[in-house]
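See below for the structure under consideration.
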Amino acid sequence: MRYLPLTPKDRADMVAAIGVKSMDELYASVPQAARLTKLIDLPLHQGEIEVERALSQMAAKNHPASGRPFFLGAGCYNHHIPATVDHLIQRSEFLTSYTPYQPEISQGTLVAIFEFQTIIANLTGMDIANASMYDGATATAEAALMAKRVTGRANIHIHGALHPQYREVIETYIRNFHDVKVLDSAPDANASCVIVQTPDFYGEPQKLEALRKQCTETGALLVVVVNEILSLGLLPPPVEADIVVGEAQSIGVPMSFGGPHLGFFACRKEYLRQMPGRLCGETVDKDGRRSFVLTLSTREQHIRREKATSNICTNQGLFALAFTIHMSLLGEIGFKKLARLNHEKACMLADRLAQVKKITLPNKAFFNEFVVELPVSASDVVKKLAAHGIIAGYALEGGKLLVAATEMTSKEDIEVLAVALEEVCQHAMRKEVA
Amino acid sequence: MSLFDRDRGLNVEENLLFEKGTNGACGVDLPEPQNSKLRTGFPAREKVGLPEVSEPQVMRHFVRLSKLNYAIDTGLYPLGSCTMKHNPRLNEKVARHPGFAQIHPLQPEGTIQGALEVIYTVQQWLSKLSGLPHVTLNPAAGAHGEFAGIMVIHKAHEARGKVRKTVLIPDSAHGTNPATAAACGYETKTIPSTKEGTVDVDAFKNMLNDDVAALMLTNPNTCGLFEPRAKEIADVLHKAGAYFYCDGANFNALVGRVRPVDFGVDVMHFNLHKTFSTPHGGGGPGCGPIAVTEELAPYLPVPKIVKHGDHYHLVTEDKNSIGRLKGFNGQFGMAVRALAYMMSHGADGLRQVAEDAVLNANYILSQLREQYHVPFPGSCMHECLLTDKLQKDKGVTTGDIAKTLIEYGIHPMTVYFPLVVQGAMLIEPTETETKASLDHFIAVMKMIAEKTTAGESEELHNNPVSTPRKRLDEVRAARNPILKWASQG
Amino acid sequence: MSNIPAHLKYTEQHEWLKLDGEVATIGITDYAQAALGDLVFVELPAKGKQVKLGDAFVVVESVKAASEVYAPISGEIVEVNEALAKSPELINSAPYDGGWICKIRASDKAELAKLLDAAKYEGLVG
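Protein sequence lines, in the order shown, are assigned to chains A, B and C. Residue numbers are given in numbering that gives the first Met the number 0: position 318 of the first sequence equals residue 317, and the series is strictly consecutive. Residue numbers are given in numbering that gives the first Met the number 0: position 164 of the second sequence equals residue 163, and the series is strictly consecutive. Residue numbers are given in numbering that gives the first Met the number 0: position 2 of the third sequence equals residue 1, and the series is strictly consecutive.
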């Protein structure tokens, strides 16, 4: 078997050196009844050719974004990943290394984490950022839990349209704590935080000054959620926030059917000790050379155990690196340009769809995603168009369809979608008349 | 900060990308925006705070950084309980198939049947390997799997009409266990270990009452030993109406050879990034599926996958479920990699994995037990535990031994864990090491012991000296946290 | 051999106490600071807070560990050593002096009888 280097002779020599008669003796502490004597009922080993063939067959049953008009967003976006990114994250020293607990031989990973933390802090306008979370939804739940620790208060308030899955995850995380409520009302003296997503779930960028005032007056923390991180290249940073969390998948991370993605977590420096997740800090070594090391570990589970700020251990390391590489390629100029291109594509999409009779566009503003109101069931439309090779967007209730455009969206794609929707709407109108 | 004289041969010194200077460069070519009127409702952002470099500079920066890292592909990485086995590149190749990488989780079901088939198939494999009938791939890492498992147990108690308050956890447990119990609203009570390194079953029985919801047990445990009375513990637990959660971090010793259902487990988590070779990536992503009994299946998180004939369907609402654990689906990309690994090994290969892992660890143990103190008698499973007891009075500690291994080109074992033993060194070679690699490690460890006996402790205290950095001032990092780069000018 | 000043009182959890009239100054012993190693952070309680004997009311952190400090008597915290916020290392260098942690106005002086004298504490830590 190609991954198992021991030969039968090796095994025999080692068994003899250990001083047992057979491998079985090494399993003697396992009760006889639990020791399997036969192979488990699963296929036997296979070579690369067969494994690749089987998995390719499964992959071929899926319709990837490339090569078709694609307008799905809703917290996961179809962006381009430069070839350099995927090449670098496959370097052995990044791919097959562990968490950098021995800093003398992991400065590569530590420098990259430090750069990631710097980029996230700069993007969000916060003082500090951690080394990543699983995804935007769990980062949001952890932000709510942190606000509860900091303020000592029970309730979590949500302002406006938060991604429904993010809300579900918060509810899971607090479901065993009966004194904690998730409310949609304005904050009061029992509010630990107000959570606001911007752009919101319907793509509408949110103003934060009034919420900042409410939070300051009531003593609740303002938690801002950004799940299209590219929006921070065109919209102002949410400096009004106490905590900024969200999803960074748009930069350097493939959609990959929803995971692995890349949660980020940033906050003001006064909350440092209540932050969950790993932190990389700067120091020096014995020779006075600048070095980096995981620090403030006493917040974490391996030291604080049941009093830890979170149980998180493994995070999304390799994809924090992918993000950092992609952001380095984009840089100050490219990141802002890319954000603006996304917005202009969305404007192009909006203008073309506005020409389709019987369609309305309720958004007052958007970044790269907005709602389209159809005269027919949006979920029917999505199914119908999928059969014709178009991924039309995310069906909300009734005739509402959430559509996103990115730098990957072409003029031709927009035309194909518009024509398809025109057909669907004309058909609907004819039905009405009939 | 000029580094012009600090490179030596192939050894590099590398600044941060932010220090490479802004000069209007950009590493991507994008079409020029039209700069038409914005419809965002806000003025355009002015400054972001990113470097400005070209593609060659980015490539060089990160390649140079990679040279400062040790990795499995470099050499032995014997971190106990981490299972640093070889990461097959076939897994990377298949995960990058556009049919896997470029699909969106919310696409119409008819367009992603192959993705659901991958997840369902991995669930089937894990179910067979554990003997537990129902599996979810939703948790994002081991700790997340622990969270899912303990939440399922909590829901089961709710459904039975009485929510209990306590979870029992051995003192040797990994910190994620009590952290998870607290996150689920439970109090933790700690069970002591015996001098043989296993759970004190009598103490455990005394702590059992009708307020105990569950036991969280790692098996094999963090001392590298199989808990011989696990089935007895399970029976007593079940009689008291409590559930047996098994932390499956050490499943590499059992896969294909022992099924946890056969020692009474109700819920267990797997670490795909340990037992099933998905790469550690410098700190993730992981994937922490859980498997449960028939009784607990209704409470599993959403989304769930059901199969009707040849068609797979995602269920996103289920009132019995503990709810959603993260956005979208689990770490799908890691499931693809794990499936490639499972199919490559097959039932026969996986069984051999466990046997070779156990053999390798016992070989190291047998060759080092004269020079190093072995706290627990007998053989071990896939990892062996030593301490610095024989070296300490010569002034050499576990920390010095670890840093000396680094100096001699080997990543250290897990140190100072588990906490139940002073000066612990937990060594897990895994099955993908050759005998020659093990002999090399043994030789270096013997040399360190000899140097200690010969009184050469000062050299050991100074190690490592040949690495890109020597021992770091961690106190300074914690006292004066600098967590991001800021321009000095 | 750790330093154990004769004029102070001690607890089994390695706190020391010095009584001045109604107010007791509290800290951790030389033995404790040596065992913890270089301290990097002290989580101080709020002034005015009421504590009961045995409450975990302060956390001291080194790089690799976080340890609770337990109130040796009940009462109100009337003063905290703000210098520890910037210089936690004072506990290492001067555990009985500049490294004092806080002052408690004792609510029940009878509790003082439970404390150990220097000789008893020395017997404990050897």
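Glycine included, each C-beta is placed from N, C-alpha and C at the ideal position. This structure is a prediction, so every number in the text was calculated from the model and none was measured.
By alpha-carbon distance to E51 of chain B, the top candidate from B:G26, B:I102 and B:A182 is B:G26. Q31 of chain A is classed as exposed because its beta carbon has fewer than 16 other beta carbons within 10 Å across all chains shown. Those residues of the stretch 47-64 of chain C placed with their C-beta closer than 9 angstroms to a C-beta in chain A are V58, E60, S61, V62, K63 and A64, ordered along the chain. In the DSSP assignment, L167 of chain B falls within the unbroken beta strand (DSSP E) covering T165 to P169.
Residue state for Y97 of chain A is assigned as coil, using DSSP reduced to three classes. Between G40 of chain B and P204 of chain A, the alpha-carbon positions lie close to 7 angstroms from each other.
At a Cβ-Cβ threshold of 8 angstroms, L271 of chain B and C245 of chain B do not count as neighbours. For V39 of chain C, the neighbours in chain B by C-beta distance under 7 angstroms run, in chain order, V474, A477 and R478. For V252 of chain A, the CB contacts under 8 angstroms within the same chain, skipping 5 residues up- and downstream, are I80, P259, H260, L261, F318, A321 and F322 in chain order.
Taking 8 angstroms as the threshold, the shortest C-beta distance from P87 of chain C to chain B falls below it. When secondary structure is reduced to three states using DSSP, G74 of chain C falls in the strand class. Put simply, the backbone Cα of E54 of chain B is about 10 angstroms away from that of H60 of chain B. Against chain A, the CB of T39 of chain B has a partner CB under 8 angstroms away; the residue lies at that interface. The stretch 37-53 of chain A and the stretch 361-379 of chain A do not touch, with fewer than 3 CB-CB distances between them shorter than 8 angstroms. T431 of chain B is not a Cβ neighbour of L122 of chain A, given a cutoff of 8 angstroms.
Restricted to the stretch 357-406 of chain A, the alpha helix (DSSP H) segments that are unbroken, complete and at least 4 residues in length are 377-386, listed in chain order. With respect to the 8 angstroms criterion, V134 of chain B and A33 of chain A are not classified as neighbours on the basis of their beta carbons. Proximity of Q354 of chain A to chain B, defined by a Cβ-Cβ separation below 8 angstroms, is not satisfied.
With contacts defined by Cβ atoms closer than 8 angstroms, L167 of chain B and V211 of chain B form a contacting pair. Straight-line spacing of the CA atoms in F69 of chain A and F99 of chain B works out to 16 angstroms.
R289 of chain A and V474 of chain B have their C-alpha atoms spaced approximately 14 angstroms apart.
Judged by their CB atoms, N226 of chain A and G135 of chain A are nearer to each other than the 8 angstroms cut-off. Taking the Cα of P361 of chain A as reference, the smallest distance to any Cα among A:Y201, A:K336, A:V243 and A:V355 is reached at A:Y201. Going by C-alpha positions, A296 of chain B is about 44 angstroms away from P236 of chain A.
Counting only the Cα atoms, L123 of chain C lies some 17 angstroms from A112 of chain C. Taking all protein chains in view, the Cβ of L43 of chain A is surrounded by fewer than 16 other Cβ atoms within 10 Å, so the residue is classified as exposed. Sequence-ordered contacts of the stretch 301-317 of chain A with chain C read I302 and R303 [C-beta pairs closer than 7 angstroms]. Taking the Cβ atoms as the reference, Q213 of chain A lies roughly 6 angstroms from A185 of chain A, within the contact range of under 8 angstroms. It is roughly 8 angstroms from the alpha-carbon of S309 of chain A to the alpha-carbon of E141 of chain A.
Residue pairing for I426 of chain B: DSSP places it in a beta bridge opposite B:L78 and B:C383. Close CB contacts of A229 of chain B within its chain, under the 6 angstroms cut and outside five residues either way in sequence, are with N218 and F262 (chain order).
As for any beta strand (DSSP E) of minimum length 3 sitting wholly inside the stretch 92-170 of chain A, the runs are 154-158, ordered along the chain. Counting C-beta pairs closer than 8 angstroms gives three or more between the stretch 15-29 of chain A and the stretch 369-385 of chain B, which meets the contact rule.
Counting along the chain, no alpha helix (DSSP H) covers R228 of chain B, and no H or E run does either. At a C-beta separation below 9 angstroms, T297 of chain A has these neighbours in chain C: V39, F40, V58, E60, S61, V62, K63, A64 and A65. Taking 8 angstroms as the cut-off, the beta carbon of K335 of chain A is found no closer than this to the beta carbon of L210 of chain A.
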